[in-house]
Amino acid sequence: MAQATEPAEFGEWPLKRLMTEVVGTGVKSAEDMTREQATEAMERILAGEPDPTTLGAFWLANRWKHNNAEELAAYADVIAEDVVYAEPDADPVDCGANYDGKGDTAILGAAAGIVAAGAGTPVVVHSGDRVPTQKQDAYKHVLDELGIRTELVPNESADMVDETGFGFYYQPEFAPRVHALWDRRDQMGVRTFVNTVETIANPAKADVHLGSFYHLAFAKKIVETFENMDSQSPHRVVMFQGMEGYDDIRPGYTKVGEWTDGDFRDYEIETPEYGMDFEYEDLEVDPDDVAGDSADLTAEIIAGEREDHFADAVALNAAFRIYAREDAETLDEGLEMARESIDSGAAAAVLEDLRDF
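In numbering that gives the first Met the number 0, the protein residues as written are 0 to 356.
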């Protein structure tokens, strides 16, 4: 009687072969992977199959050659199979900030999200804890400083959105195999494509994504990534030039990329026209306590105790969240709604609900 054999766990493209035949042949001669090759690569990575040296070389080769949208979509679709989704009844804006954090300027997204929630726009944020390579302060750390629970299982995160209008999803709970790559990523010393695709994991299955970019070409690539994905099909993606790659809009001349149901347009805004008439340096905080300073600013702004440039920056960032979800037709209208959220005490009520959750 013939002995049964186990089915092959992977295909024909171990990372070492991809290196020698496709992506690792040099900056100028490297080729893009097929969808199938990129899918298999990510499956092997999440399974912990590659030798650490090979994995590091593969990540670095991808960084050198630059991933295209089809490769990023393949990676994101494999990660989606690992994600524990918890969809709230509300239809929130998904805010995708770099998980490895900020080190110079205030993290404004917590305040902006709470203000937007007070205006009737539900918001979801997500991050890990000291993610490589920067391992700086991110959403989790600001919320911790505010006395808000962050180490939630996904169903709790969804309940937080529905009960308060603002929700936080914690990467170790909603994407455990991605989180398990922490040590390997830390040993790299540079960002990898994981830093990009984790920001679009969308554990709440939101229909609107808000993100940031350094260059417009990257915003277009993220939009094309969503278009190529099988696991997601958002209705709307709004991207702007953010500070330190984060989802906080930078002062001054700023590019915006906006995609709605297949139509993409880009335009420029001058933030002084919306109240942000100051410089990047004016939003800097103590680099040794970015989370603590950001939390203090959040509490003071939401309580209506500040009317300075930080408050103006939070109002405009909240307006972008309101506008992204199409709860306001223009940024000007969104800005009015954001300021009313603070002045009426609605934002303060959201913060109180979050602390009680």
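Glycine included, every Cβ here is placed at the ideal spot set by N, Cα and C. Treat the numbers as computed from the prediction; the structure is a model and nothing was measured.
- Annotated as distal: Val313 and Thr163, with beta-carbon spacing of 7 angstroms or more.
- Classified as exposed, Glu351 has fewer than 16 neighbouring CB atoms from the shown chains inside 10 Å of its CB.
- Between Asp247 and Gly241 a beta carbon distance of about 6 angstroms is seen, short of the 8 angstroms cut, so the two are scored as contacting.
- Contact between the region 50-64 and the region 184-195 is present, with at least three C-beta pairs closer than 8 angstroms.
- A straight line joining the alpha-carbon of Ile341 with that of Val130 spans about 32 angstroms.
- The C-beta distance from Ile44 to Ala174 rounds to 13 angstroms, too long to meet the 8 angstroms contact threshold.
- Here the C-alpha atom of Glu8 lies approximately 14 angstroms from the C-alpha atom of Glu35.
- Counting only runs of 3 or more residues that sit fully inside the region 148-201, the beta strand (DSSP E) segments are 165-169, in chain order.
- Note on Asn61: 16 or more other CB atoms within 10 angstroms of its CB, so buried under the neighbour-count rule.
- Beta bridge pairing from DSSP links Ser126 with Tyr169.
- Our two residues, Pro250 and Thr19, have alpha carbons roughly 45 angstroms apart in a direct line.
- The beta carbon of Lys64 sits closer than 7 angstroms to those of Val22, Val26 and Ala29, all from its chain and outside the five residues before and after it, given in chain order.
- Here Arg320 is buried. Its C-beta has 16 or more other C-beta atoms within 10 Å.
- Assignment of Leu107 by DSSP, reduced to helix, strand and coil, places it in the coil class.
- Of the candidates Met32, Pro13 and Leu59, Pro13 places its Cα closest to the Cα of Glu42.
- In this structure, the straight-line span from the alpha carbon of Leu142 to that of Phe212 is close to 23 angstroms.
- Under a 10 Å Cβ-count criterion, Ser126 is classified as buried, with 16 or more other Cβ atoms of the shown protein chains found around its own Cβ.
- Going by beta carbons, Val289 and Lys101 fall inside the 7 angstroms limit.
- According to the DSSP assignment, Glu267 belongs to the beta strand (DSSP E) that extends over Asp262 to Glu269.
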